[in-house]
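Read through the structure below, which is laid out as structure tokens, and then see the notes.
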Amino acid sequence: MGKTIISLGTGDFPSDEDNEQIQCVDFSTHISLADADIILISPTLNAYQYEEEYLHQGKQCLSEDGSGNFLEDLHFWRKEIKKALEASKTIFVILNSPSKFYYKTGEKYFSGTGKNRQTTHKHKLFNSYDILSSVFSNAHFSSGSEIIYNSKESILRILWEDNKKYFHYQASFDIADFSGIPIFFQKKGKAVLGGIRKLNSGAKFICLPALELEHPDFTVFEENTDTGENEECWTEEGQNFTKRFKRALIEIDTAVRGNKKLTPTPEWANNNEFTLQSVVKINKKIQETLIKISTQEEKKKKLIKQVQTEENSKFLLYENGTPLEISVREALKLIGFQATHFDDGESEFDVIFSCKEGKFLGEVEGRDKNAIDVKKLSQLMRNLTEYITKEEVTEPAKGVLFGNGFRLKEPQKRDCQFTKKCKSTASNSNIALVNTTDLFPIVKYLKEISDKDFMKNCREALLKTKSGVVKFPEIPKLK
Numbered sequence: 065m066g067k068t069i070i071s072l073g074t075g076d077f078p079s080d081e082d083n084e085q086i087q088c089v090d091f092s093t094h095i096s097l098a099d100a101d102i103i104l105i106s107p108t109l110n111a112y113q114y115e116e117e118y119l120h121q122g123k124q125c126l127s128e129d130g131s132g133n134f135l136e137d138l139h140f141w142r143k144e145i146k147k148a149l150e151a152s153k154t155i156f157v158i159l160n161s162p163s164k165f166y167y168k169t170g171e172k173y174f175s176g177t178g179k180n181r182q183t184t185h186k187h188k189l190f191n192s193y194d195i196l197s198s199v200f201s202n203a204h205f206s207s208g209s210e211i212i213y214n215s216k217e218s219i220l221r222i223l224w225e226d227n228k229k230y231f232h233y234q235a236s237f238d239i240a241d242f243s244g245i246p247i248f249f250q251k252k253g254k255a256v257l258g259g260i261r262k263l264n265s266g267a268k269f270i271c272l273p274a275l276e277l278e279h280p281d282f283t284v285f286e287e288n289t290d291t292g293e294n295e296e297c298w299t300e301e302g303q304n305f306t307k308r309f310k311r312a313l314i315e316i317d318t319a320v321r322g323n324k325k326l327t328p329t330p331e332w333a334n335n336n337e338f339t340l341q342s343v344v345k346i347n348k349k350i351q352e353t354l355i356k357i358s359t360q361e362e363k364k365k366k367l368i369k370q371v372q373t374e375e376n377s378k379f380l381l382y383e384n385g386t387p388l389e390i391s392v393r394e395a396l397k398l399i400g401f402q403a404t405h406f407d408d409g410e411s412e413f414d415v416i417f418s419c420k421e422g423k424f425l426g427e428v429e430g431r432d433k434n435a436i437d438v439k440k441l442s443q444l445m446r447n448l449t450e451y452i453t454k455e456e457v458t459e460p461a462k463g464v465l466f467g468n469g470f471r472l473k474e475p476q477k478r479d480c481q482f483t484k485k486c487k488s489t490a491s492n493s494n495i496a497l498v499n500t501t502d503l504f505p506i507v508k509y510l511k512e513i514s515d516k517d518f519m520k521n522c523r524e525a526l527l528k529t530k531s532g533v534v535k536f537p538e539i540p541k542l543k
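Position one of the sequence shown corresponds to residue 65 (the working numbering), numbered consecutively onward.
Here is the structure:
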């Protein structure tokens, strides 16, 4: 029979029918932790879970009824957690940011008499970490994402290595205040972000950095075939994460119960007389390796950023709005235009671009399931008139409408991306139409080959098109 995992306050883990779900409960649900083999706690008891009344010293204060319900839940869970520790159950704590609010203790003070009598309630500030042991009272709270696993202890390594992209930190401890085995540290600091905390009773909390269960990798919207509405569903990655995470919790629980590698090195064993030179040499190599890794990590980040920048060219195929505008301007630059967004405080145009062959003013539009209609063309025509009336402008610009119709379909499966009315009006107005999907193969080619003749031919195609959709020159075959 598998181990029972109860998760308190974390929210739901991704799951499906074939994946035995971690039992997730909130603080208003009173179930016994005696039924659990493994307990996962996120101290996220928030004021909004109860009836709020007003602000007190800048924080929410619960009403009398809300305070009563809250105190009932608080006393219940403190008692359950205490009994679980006494029973030596494995308790994992997710170190999230605390919630703080005031509640009414039940004590009242009275002043005045008769109609002037006033009642004053005694308030007390609650920190959601108060539901746990006092060993968490020295926590500091700030957020970040740079975490390193820096410990000889291997007990949490598998959990970390398999899932580290979903961890960040919201709480930390000074190393001198962390009783137990520190394992997770800030990458650019000395603060402890998690590890195994020991209580005076001998019980232990296994503390993990904050876990992002609402990661975008975990959910996707899919159409319900019965209702026709989009519903949020767990992704395969989300479901696999839960399986990995649950398996790691069970392995850690087994190791803890077997007391594997949980005794910290006594302080005296670190004295010079016990120092092994072989260890000193290895530690030196470790430090040198960490420096190299850090350097390579920086290189990797730069390369990833470069990849993301290059991938933006694909926006020509499926984007709209500002991302599509930016990718159009970058494509125009690649074929030899000077291209920029225009905004002088009075007028704003998606793109002004020019070369020695001529000057152009363009508007960019993407549509999800339709062709580009005459409305966007009308806007472009107004922009052309507005542009020529500016004092600094000496000659008119040729209009170009860049369209990405039916943008969510594969390019080869799309109908004409401009409506008939849009095409006929553009023809009468000497405005060129450009499918942004036609720009992508040009960009792809020019990113691989420097071809000035081809670039010139592309510019001339834009300039010479009097009506209809611009037909760019055929992409030369790579030798």
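A virtual CB, placed ideally from N, CA and C, is assigned to each residue, including glycine.
DSSP-derived helix/strand/coil call for residue i
i, result
"R308", "helix"
"R471", "coil"
"G132", "helix"
"N447", "helix"
"H120", "strand"
"R261", "strand"
"D548", "What is shown of the chain runs 65 to 543, which leaves residue 548 out entirely."
"L277", "coil"
"F237", "strand"
"F95", "For the record, residue 95 in the displayed sequence is Ile; it is not Phe. Residue state, collapsed to three classes: coil."
"D317", "helix"
"N202", "coil"
"L526", "helix"
"L190", "Reading off the sequence, residue 190 comes out as Phe, not Leu. Strand."
"Y509", "helix"
"F47", "Outside the displayed range of the chain (65 to 543) lies residue 47, so it cannot be described from this structure."
"E150", "helix"
"G463", "strand"
"Q481", "coil"
"I350", "helix"
Nonlocal neighbours in the same chain, by C-beta distance under 6 Å from residue i, ignoring five residues either side
i, result
"N160", "S106, T108, Q234, A274"
"T329", "Note on T329: pLDDT 45, under 50, position unreliable in the model; the coordinate value appears next. Contacts found: none."
"E171", "K186"
"F424", "F417, A461, K462, V464"
"V428", "L388, E389, V392, D414, F466"
"L277", "G75"
"L149", "A267"
CB contact flag (residue i, residue j, <8 Å)
i, j, result
"V343", "C271", "no"
"F466", "G422", "no"
"Y114", "L126", "yes"
"N384", "R471", "yes"
"E301", "F282", "yes"
"F309", "N227", "yes"
"F91", "D137", "yes"
"V507", "L398", "yes"
"A435", "F482", "yes"
"I69", "A100", "yes"
"S493", "E450", "no"
Member of the options whose CA lies at the smallest distance from the CA of residue i
i, options, result
"I219", "A203, I316, S198", "I316"
"K67", "L313, K535, M445", "L313"
"K164", "L263, G122, G409, W141", "G122"
"V392", "E456, V415, F205", "V415"
"S237", "A203, L135, G244", "It is worth fixing the name first, because residue 237 is Phe in this sequence and not Ser. Closest option to F237, Cα to Cα, is A203."
"D241", "S491, I222, R261", "R261"
"G253", "F401, Q443, S206", "S206"
"F167", "K216, S201, Q124, P246", "Per the sequence shown, residue 167 should be read as Tyr rather than Phe. It is Q124."
"R311", "P537, I86, I539", "I86"
"H279", "P162, Y230, E296, V498", "Y230"
"E538", "P505, K511, L526", "P505"
"C419", "L396, S358, D432", "L396"
"S71", "V89, S79, P78", "V89"
"K216", "S243, K439, F248, N304", "F248"
"P78", "F305, E455, D432, L510", "F305"
Any C-beta of chain D under 8 Å from that of residue i
i, result
"I399", "Protein chain content of the structure displayed is limited to a single chain, and chain D is not contained in it."
Own chain, CB closer than 8 Å to residue i, minus 5 neighbours either side, in chain order
i, result
"V320", "T154, I219, K268, I270, L326"
"H94", "D137, F140"
"R523", "I399, G400, F401, C419, E421"
"T404", "R393, V415, I416, F417"
Sequence-distant residues of its chain with Cβ nearer than 7 Å to residue i (five each side left out)
i, result
"G292", "none"
"T299", "D281, F282, T283, V284"
"P475", "L381, T501"
"N288", "E295"
"L189", "K164, Y166"
"K440", "E427, E429, L465"
Worksheet item: Contact between the stretch 204-216 and the stretch 238-257: three or more CB pairs below 8 Å?
Response: Touching, yes, given that three or more Cβ pairs across the two stretches are closer than 8 Å.
Worksheet item: Are there three or more Cβ pairs, one per stretch, closer than 8 Å when the stretch 189-199 is compared with the stretch 139-149?
Response: yes
Worksheet item: Is the stretch 521-541 touching the stretch 484-493, taking contact as three or more C-beta pairs under 8 Å?
Response: yes
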